[in-house]
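Quick mapping for you: the protein sequence lines, in order, are chains H and F.
The opening residue of the first sequence carries number 488 in the numbering used here; numbering runs sequentially from there.
The opening residue of the second sequence carries number 29 in the numbering used here; numbering runs sequentially from there.
All C-beta atoms, glycine included, are put in the ideal place defined by N, C-alpha and C.
Data first, discussion second: the structure below is written as structure tokens.
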Amino acid sequence: MTNVITVPPSLDDATFEQILEPLSRLQPDDKVLIDARHARWASPYGLTALLALAQTRLERPSLTVPEAEETASYWARAGFFRYAADLYEINGAVPRGRQNDPGVLLEVTPVNASEDVHTVVDKVQQRAQLILVNELKLDATATMRFTMALSETCQNIVEHAQHGGWVAVNSYRWQKRLGGRRVLVIAVCDAGVGFRRSLESAVGRPRSDRWDDGMALEEAVMRGVSRFRDTGRGQGLAGVRRFIGKWDGKFSARSGTARLAIVPTWDEDVPLQENLPAFPGSQVQITIPERVDR
Amino acid sequence: MIKHHIDVSSVLRSAVSETYSNLVTRPTGVAVRVYIEAQIRDASDCAVTVIDFSSVGMMDFSCADEIVAKLVMQHENGTPTFVFSGLSESHIEAIDVVLERHGMSLVSHEADSNSYVAVTH
Chain H
488 MTNVITVPPS
498 LDDATFEQIL
508 EPLSRLQPDD
518 KVLIDARHAR
528 WASPYGLTAL
538 LALAQTRLER
548 PSLTVPEAEE
558 TASYWARAGF
568 FRYAADLYEI
578 NGAVPRGRQN
588 DPGVLLEVTP
598 VNASEDVHTV
608 VDKVQQRAQL
618 ILVNELKLDA
628 TATMRFTMAL
638 SETCQNIVEH
648 AQHGGWVAVN
658 SYRWQKRLGG
668 RRVLVIAVCD
678 AGVGFRRSLE
688 SAVGRPRSDR
698 WDDGMALEEA
708 VMRGVSRFRD
718 TGRGQGLAGV
728 RRFIGKWDGK
738 FSARSGTARL
748 AIVPTWDEDV
758 PLQENLPAFP
768 GSQVQITIPE
778 RVDR
Chain F
29 MIKHHIDVSS
39 VLRSAVSETY
49 SNLVTRPTGV
59 AVRVYIEAQI
69 RDASDCAVTV
79 IDFSSVGMMD
89 FSCADEIVAK
99 LVMQHENGTP
109 TFVFSGLSES
119 HIEAIDVVLE
129 RHGMSLVSHE
139 ADSNSYVAVT
149 H
């Protein structure tokens, strides 16, 4: 029997939970059809997480292409179908994604090794300057910090996931939130071992009464704990968090059954969600809003 | 005093890849540091080694830790003295973050110059 999971019309980090909830009740080898026919929009998180989802299935899942031509075309321009074709049985016509989309700063890109991080950084550096300075009104130094944040987040996959992952960076204008401001969104998703299991692999890690996905996220993101003994390790995500604060941005990381968010004043997310549907690996999102002079 | 000058951008191209201009990822940082250490051994009569970052684009925390923090820590009780020059604002920011974790910080080497040394708190 094929289990059909419907993709919500607007697919982002919050609505992706609507996919994970029914998915978490299935066995890894159950047949799954991801029905995206009625999808109208997807964030970088939505697209990269869909690819990670396929990697968690023992039997190759199916995916039905969005019916709206504009949506399917955008997913193609964002590079989604290039990799989805290897991971899913695709149902429906896939548009060609030759035309560049000005909002796509980095199309969906696989991250498997350190060399991929160099490629990602080189690709985005020049265009990031244009978007961060001209569109988000950030000062010129933000470009370097942005690429540092991107580099460190991608390295998280290479160093800890024990499994390849995906990165995508887009800019777009929010229609309803933040008074229609532009935002730049980085999504880095993998289906690897996740924060808890990565930290558990540390030799001599002290045991505590409370140890779960939520605590692992807190340790890694808030306290810079790493599975490596080297005291210089574990600074990446903690450093990223520092930058995000300077930009009034938002950081969120989901791993296993928990999700931790650094919530700016303009957002109403909760800092820590637990007992979410289980999903392997880690899924990180960084949102940088356009600066407005108060 | 004889100063030994090391251009990090050239080291990056020699040790890792001709096409790279950014110091990103920990393996890159390790490769660059190992190459620098070999150059230091070849110039063992120099009391001061100037590590020049002026042609380096971006440096992330991993490379700041592998190159700057580890070089300083490994030579903490001996020579040479490291002077870091050509640092941009974002380089300094990354280095400051990693040095702080090791109980160190960057201070200006000479007034009105863009060169720094790492000192223990």
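- prompt: What residues are listed by DSSP as bridge partners for residue 145(F)?
  reply: 135(F)
field: Contact set between residue 148(F) and chain H, taken where Cβ atoms lie within less than 7 Å
entry: By Cβ distance, chain H contributes nothing, its closest Cβ being about 14 Å from residue 148(F), past 7 Å.
CB contact below 7 Å: residue 722(H) versus chain F: yes
- prompt: DSSP three-state call for residue 711(H): helix, strand or coil?
  reply: coil
- request: May I ask you to report which of helix, strand or coil DSSP gives residue 661(H)?
  value: coil
query: Taking the DSSP output, what are the residues bridged to residue 492(H)?
result: 521(H)
- request: Determine the chain F residues that contact residue 616(H) at a beta-carbon separation under 7 Å, and present them in chain order.
  value: Ordered by position in chain F, no residue passes the 7 Å Cβ test against residue 616(H), which lies about 12 Å from the chain.
- request: Output, in sequence order along the chain, the residues in the segment 730-752 of chain H whose CB is closer than 7 Å to any CB in chain F.
  value: none
query: Closer than 7 Å, CB to CB, is residue 497(H) near chain F or not?
result: no
Proximity test, Cβ basis, 7 Å: residue 144(F) and chain H: no
query: Helix, strand or coil: how does DSSP classify residue 30(F) here?
result: coil
task: Identify the contact partners of residue 639(H) in chain F, using a Cβ-Cβ distance below 8 Å as the criterion.
output: 88, 89, 90
- prompt: At what residue ranges does the segment 625-661 of chain H contain a whole run of the beta strand (DSSP E), taking only runs of 3 or more?
  reply: 652-660
Chain F within 7 Å of residue 514(H), Cβ atoms only: no
message: If you reduce the DSSP assignment to three classes, tell me which class residue 86(F) lands in.
response: coil
query: Around the C-beta of residue 86(F), are 16 or more other C-beta atoms found within 10 angstroms, so that it is buried, or is it exposed?
result: buried
task: Taking residue 67(F) as part of the alpha helix (DSSP H), name the residues at either end of that continuous run.
output: 54-70
- request: Taking all protein chains shown into account, decide if residue 618(H) is buried (16 or more other Cβ within 10 angstroms of its Cβ) or exposed.
  value: buried
query: Using 7 Å as the limit for Cβ to Cβ distance, is residue 628(H) near chain F?
result: yes
message: Using DSSP's beta-bridge definition, name the partner residues of residue 774(H).
response: 672(H), 737(H)
query: So, using beta-carbon positions, are residue 558(H) and residue 583(H) closer together than 7 Å?
result: no
- prompt: Where does residue 538(H) land, buried or exposed, given buried means 16+ other C-beta within 10 angstroms?
  reply: buried
field: Nearest candidate by alpha-carbon position, reference residue 48(F), set 40(F), 96(F), 110(F)
entry: 40(F)
message: Between residue 709(H) and chain F, is the shortest Cβ-Cβ distance under 7 Å, so that the two count as touching?
response: no
message: Within a Cβ cutoff of 8 Å, which residues of the same chain sit near residue 660(H), ignoring the five residues on either side of it in sequence?
response: 667, 668, 669, 670
Residue interval of the alpha helix (DSSP H) (run including residue 601(H)): 601-616
query: Around the Cβ of residue 548(H), are there at least 16 other Cβ atoms within 10 angstroms (buried) or fewer (exposed)?
result: buried
Exposure label - residue 773(H); buried when at least 16 CB within 10 Å: buried
task: From the DSSP output, in three-state form, read off residue 746(H) for me.
output: strand
- request: Helix, strand or coil for residue 51(F), going by three-state DSSP, please let me know.
  value: strand
query: Which partner residues does residue 528(H) have in the DSSP bridge list?
result: 497(H)
task: Return yes when the C-beta of residue 771(H) is under 6 Å from any heavy atom of the ligand NAD, and no when it is not.
output: The model depicted lacks the ligand NAD and carries no ligand whatsoever.
- prompt: What does a CB cutoff of less than 6 Å around residue 84(F) pick up in its chain, not counting 5 residues either side in sequence?
  reply: 36, 37, 51
message: Quick check: the segment 99-106 of chain F against the segment 722-742 of chain H, are at least 3 beta-carbon pairs closer than 8 Å?
response: no
message: Please report the straight-line C-alpha distance between residue 98(F) and residue 611(H), rounded to a whole angstrom.
response: 29 Å
- prompt: Taking the alpha-carbon positions, what's the residue 117(F) to residue 531(H) distance?
  reply: 30 Å
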